[in-house]
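Colleague: Quick one: the structure is below, questions incoming.
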Amino acid sequence: MADFMRALRLATCIAVLPFAVTARPGVDPSWEEIDFAMGVFEDLQPVSFRKEREYCGYIGRYPDGSLGATEPEAGTQASCLPVWPSDMVVIASFHTHGTFDTGYFNEVPSDVDMQGDRALGINGWVATPGGRLWFVDSKDNQTRMVCGIGCLPRATLFYKGINGTIEKAYTYDELLEKLGE
11 MADFMRALRL ATCIAVLPFA VTARPGVDPS WEEIDFAMGV FEDLQPVSFR
61 KEREYCGYIG RYPDGSLGAT EPEAGTQASC LPVWPSDMVV IASFHTHGTF
111 DTGYFNEVPS DVDMQGDRAL GINGWVATPG GRLWFVDSKD NQTRMVCGIG
161 CLPRATLFYK GINGTIEKAY TYDELLEKLG E
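Positions 11 to 191 (my numbering) are the ones given, in order, by the sequence shown.
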């Protein structure tokens, strides 16, 4: 049943991806990467909600070309610092935004999320309490929603709409405006 649900979620992503028709190899994530990131978060989101903290790590390629992820690191309620791996070529960071909290704007990646990935020269993946999956494109300095509310596990207390309208994509400057900075 879990494999069926994962396939259904991936099919839903394919139907709504803002970049699905104009995918740019080497820039946009491959379907393999999207499926892998979703698998990481499907296991990690419930832990993040239960412990009320962010979890983070890196996704990369091993010498044989296979995708892998580092062991998730536990962070705080609003931040997380993963350990850089030596056994893979890192292609992206990943992290959860913890559980739902009305005191945080946690349904979009933060400017700090985008700055950190850009500084490292990698892309990023962010899972929100509402079950959204975001791809942080460091080259174009923008973030795009891969799938919306409930495509990943979502926090029990999640309240849709508290952060206003959530667009499907934001440039860094648009994100700053959304966050009120």
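Glycine is no exception: its CB is placed at the ideal position from the N, C-alpha and C atoms.
Would you check if the region 102 to 115 and the region 55 to 67 touch, i.e. whether three or more CB-CB distances between them fall below 8 angstroms?
Modeller: Counting Cβ pairs under 8 angstroms, three or more are found: they touch.
Colleague: Residue range of the alpha helix (DSSP H) that D147 falls in?
Modeller: In the sequence shown, counting from the first residue as 1, residue 147 sits at position 137. Not the alpha helix (DSSP H): D147 falls in the beta strand (DSSP E), residues 143 to 147.
Colleague: Under the three-state reduction of DSSP, which class applies to F110: helix, strand or coil?
Modeller: Numbered from its first residue, the sequence shown carries residue 110 at position 100. Residue state, collapsed to three classes: coil.
Colleague: Based on Cα-Cα distance, which residue from G113, Y68, G141 lies nearest to P163?
Modeller: Looking up residue 163 in the sequence shown gives position 153. Looking at the Cα atoms, G141 is the closest of the given residues.
Colleague: Across the region 149 to 158 and the region 82 to 90, are there enough close Cβ pairs to call them in contact, namely three or more that are closer than 8 angstroms?
Modeller: Output reads no: the region 82 to 90 does not touch the region 149 to 158.
Colleague: Using C-beta distances below 8 angstroms, list every residue in its chain close to A21, excluding the 5 sequence neighbours before and after it, in chain order.
Modeller: Sequence index remark: in the sequence shown, residue 21 carries index 11 (1-based). Confidence at A21 is low in this model, with a pLDDT of 47, below 50, so its placement is unreliable and the value that follows should be read with caution. So no residue of the chain qualifies.
Colleague: Determine the extent of the beta strand (DSSP E) in which L186 is found, giving its start and end residues.
Modeller: Reading the sequence shown from its first residue, position 176 is the one you call residue 186. Where L186 is concerned, there is no enclosing beta strand (DSSP E), although the alpha helix (DSSP H) it sits in stretches over 182 to 189.
Colleague: Reducing DSSP to helix, strand and coil, say where F51 ends up.
Modeller: Mapped onto the sequence shown, residue 51 falls at position 41. Residue state, collapsed to three classes: helix.
Colleague: Measure how close the beta-carbons of V10 and Y68 come, nearest whole angstrom, since I'm counting them as under 8 angstroms.
Modeller: Any property of residue 10 remains undetermined from this structure, which presents the chain solely from 11 to 191.
Colleague: Taking DSSP's pairing of strands, which residues face S103 in a bridge?
Modeller: Position 93 of the sequence shown, counted from the first residue, corresponds to residue 103. Paired residues: Y68, G134.
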